[in-house]
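When we follow our numbering, the leftmost residue of the sequence shown carries the number 9, and every step to the right adds one.
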Amino acid sequence: MKIFFIIVFILVVGLFAEETTDISVQDNNTSSKKAATLESALNKEPSIYEKLLSLDYIHRNVSKKILIFSSNLDHTVEEWVKDDENTSKEDVEKSIKEEEEAYSLFSIVNLYDNFFKDDTFLSTTNNSYIRIRWGAQLNQEEGFNFLNNIRVNLRLPKTEEALYLFIGDDEDDDTKTFNNTNEDKTTSVGVKYMLDNLDVLNGSIFGGFRGITNPFIKLRIQYPIAFKYLLFRPVQYVEYAYEDEFKEETQLYFDHRLESKKELVRLSLSRYTKTYLDGMHYSSQLSYLSTIKHGVGIQVYTGLQGQTQAQTTEPANTKYNITPTAGIYNYNTGIIWKQQFFKKYLFYELQPLVEFDQQYDYNANYIFRANLELYFGDI
Numbered sequence: 009m010k011i012f013f014i015i016v017f018i019l020v021v022g023l024f025a026e027e028t029t030d031i032s033v034q035d036n037n038t039s040s041k042k043a044a045t046l047e048s049a050l051n052k053e054p055s056i057y058e059k060l061l062s063l064d065y066i067h068r069n070v071s072k073k074i075l076i077f078s079s080n081l082d083h084t085v086e087e088w089v090k091d092d093e094n095t096s097k098e099d100v101e102k103s104i105k106e107e108e109e110a111y112s113l114f115s116i117v118n119l120y121d122n123f124f125k126d127d128t129f130l131s132t133t134n135n136s137y138i139r140i141r142w143g144a145q146l147n148q149e150e151g152f153n154f155l156n157n158i159r160v161n162l163r164l165p166k167t168e169e170a171l172y173l174f175i176g177d178d179e180d181d182d183t184k185t186f187n188n189t190n191e192d193k194t195t196s197v198g199v200k201y202m203l204d205n206l207d208v209l210n211g212s213i214f215g216g217f218r219g220i221t222n223p224f225i226k227l228r229i230q231y232p233i234a235f236k237y238l239l240f241r242p243v244q245y246v247e248y249a250y251e252d253e254f255k256e257e258t259q260l261y262f263d264h265r266l267e268s269k270k271e272l273v274r275l276s277l278s279r280y281t282k283t284y285l286d287g288m289h290y291s292s293q294l295s296y297l298s299t300i301k302h303g304v305g306i307q308v309y310t311g312l313q314g315q316t317q318a319q320t321t322e323p324a325n326t327k328y329n330i331t332p333t334a335g336i337y338n339y340n341t342g343i344i345w346k347q348q349f350f351k352k353y354l355f356y357e358l359q360p361l362v363e364f365d366q367q368y369d370y371n372a373n374y375i376f377r378a379n380l381e382l383y384f385g386d387i
């Protein structure tokens with residue numbers, strides 16, 4: 009009798025062991041399939057790339073990092089693969105779709121940033137490039153003047169794509185290209201170090217000179233957060249310059265993809281303070297970005313600038329004799345038409361706009377700008 013119970017016990021143990029092995033094999037197969045599915049979904053290039061502008065110098069860090077943090081996800085990819093008991097097939101499929109949407113949205117935003125060459129692209133790309141812009145501006149109130157700007161970003165060899173020589177920065181763009189100013193600032197020159205070990209957090213440290221007597225150091229941090237149809241990108245600058253001392257600036261970008269999946273609505277908010285500046289300066293701009301055809305981009309925008317405290321009581325324009333006050337001092341709206349022509353590195357840009365500035369007693373001031381741009385990317 010004892011021998012009979014021993015034989016039954018051995019058979020039962022063997023049966024359960026075999027069943028456990030089968031379950032373990034099935035779990036491993038399920039995990040492998042899930043991992044393969046996720047990998048293929050994450051590595052899939054969105055079809056929007058083929059439909060939009062054919063740009064061979066799209067952010068390389070998009071293909072490296074692939075995704076940015078998505079605030080509406082409950083689990084990371086690693087947790088999906090490991091946790092078979094708590095994650096259903098529907099949850100995994102939903103998460104994969106959300107990641108695909110986030111990647112597609114991030115791609116289209118980078119395509120437009122790349123095409124219009126705004127500072128979010130020029131400051132974060134890890135490609136070497138040279139961008140030269142020549143232009144002219146016809147201003148109803150102030151007449152005709154020329155515009156010029158150069159930005160160079162050259163990767164230094166044997167630095168693991170972390171150290172770059174730069175000529176020109178975001179401040180040069182602001183003072184020479186977009187705002188009409190008679191102030192002739194020296195072009196910035198220096199070295200940029202990209203903090204590439206921060207994963208999705210994009211950080212850079214700039215150190216250089218704006219003229220021999222004005223050295224500066226600047227930290228830039230960008231942290232993108234993706235939702236299904238909205239990309240939120242907060243950007244923070246902190247800078248110290250010998251002549252201007254401290255400056256800090258916060259920029260917030262909200263990019264919403266429209267149903268066509270190739271059009272964007274962008275809201276940008278900005279504020280900054282300086283050591284020798286009373287109060288705070290702020291600005292806001294709402295833009296619509298679209299592509300008409302291959303190599304043609306259009307941006308329609310409206311914006312405003314303001315200050316919390318007036319910096320002087322002296323009129324900025326003797327013709328109107330308006331005393332500056334706190335609050336919004338400029339409204340503007342315009343269109344940017346940019347087209348690639350002749351060669352892939354050659355562009356022209358036309359920008360008609362109208363502004364209502366406090367120094368002109370908020371009368372309409374019509375402005376027309378034309379620029380020719382040479383851009384050599386990934387050199």
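Note that the Cβ used here is the ideal one computed from N, Cα and C, for glycine as well.
Between the stretch 123 to 133 and the stretch 247 to 256 there are fewer than three C-beta pairs closer than 8 Å, too few to call the two in contact.
In chain order, Asn-147, Gln-148, Glu-149, Val-362, Glu-363, Phe-364, Asp-365 place their CB closer than 8 Å to the CB of Asn-373, counting only its own chain and leaving out the 5 sequence neighbours on each side.
Restricting attention to Ser-276, Glu-256, Lys-255, Glu-247, the CA atom closest to the CA of His-264 is found in Ser-276. Annotated as proximal: Ala-318 and Ala-334, with beta-carbon spacing under 8 Å. Rounded to the nearest whole angstrom, the C-alpha separation of Leu-294 and Phe-114 is 19 Å.
Annotation for Pro-232: Ile-76, Phe-77, Phe-114, Val-208, Asn-210, Leu-239, Phe-240, Arg-241 place their beta carbon closer than 8 Å to its own, counting only its chain and skipping 5 residues before and after. Per DSSP, Thr-128 is one residue of the alpha helix (DSSP H) stretching across 127 to 130.
Exposure of Ile-300 is indicated by the presence of fewer than 16 other C-beta atoms within 10 angstroms of its C-beta.
According to DSSP, residue pairing for Leu-277 in a beta bridge involves Leu-260, Ser-292. Residues Gln-307, Gln-359 of the same chain have their beta carbon placed closer than 6 Å to that of Ile-344, with the five preceding and five following residues left out of the count.
Excluding five sequence positions before and after Val-117, the CB atoms of its chain that fall closer than 6 Å to its own CB belong to Leu-239, Asp-263, given in chain order. Contact check for Thr-258 against Gln-244 passes: the beta carbons are separated by less than 8 Å. Distance check between Asp-386 and each of Tyr-172, Glu-271, Ile-229 places Tyr-172 closest, using alpha-carbon atoms only.
Look at Val-117 here: in three-state DSSP terms it is helix. In the three-state reduction of the DSSP assignment, Ala-324 falls in the coil class.
For Thr-310, DSSP records a beta bridge to Leu-294, Thr-341.
In this structure, the straight-line span from the alpha carbon of Ile-140 to that of Lys-200 is close to 19 Å. When DSSP reads this structure, Asp-365 sits in a beta bridge with Asn-338.
Boundaries cannot be given for Gln-148, as no beta strand (DSSP E) includes it and DSSP labels it neither H nor E. In this chain, Val-208 is not harboured by any beta strand (DSSP E), its DSSP state being neither H nor E. For Ala-170, the three-state secondary structure derived from DSSP is coil. Under the three-state reduction of DSSP output, Asn-122 falls in the helix class. Under the three-state reduction of DSSP, Ala-110 is assigned to helix.
Boundaries of the beta strand (DSSP E) around Leu-380: 372 to 385. In this structure, the beta-carbon distance from Glu-109 to Lys-236 falls below 8 Å. Per the C-alpha coordinates, the member of Tyr-296, Glu-256, Thr-310 positioned closest to Tyr-284 is Glu-256.
Relative to the Cα of Thr-316, the nearest Cα in the group Tyr-290, Lys-327, Asn-340, Thr-326 belongs to Tyr-290.
Rounded to the nearest angstrom, the gap between the Cα atoms of Tyr-137 and Tyr-370 is 40 Å. Residue state for Glu-267 is assigned as coil, using DSSP reduced to three classes. Here Glu-357 carries a strand assignment [DSSP, helix/strand/coil]. When DSSP states are grouped into helix, strand and coil, Glu-251 belongs to the coil group. For Gln-230, the enclosing beta strand (DSSP E) has its first and last residue at 223 to 230.
Distance check between Tyr-296 and each of Asn-161, Lys-166, Asn-134, Arg-274 places Arg-274 closest, using alpha-carbon atoms only. Under the DSSP assignment, Leu-203 falls in the beta strand (DSSP E) whose first and last residues are 197 to 203.
The C-alpha of Leu-354 is placed about 28 Å away from the C-alpha of Phe-214.
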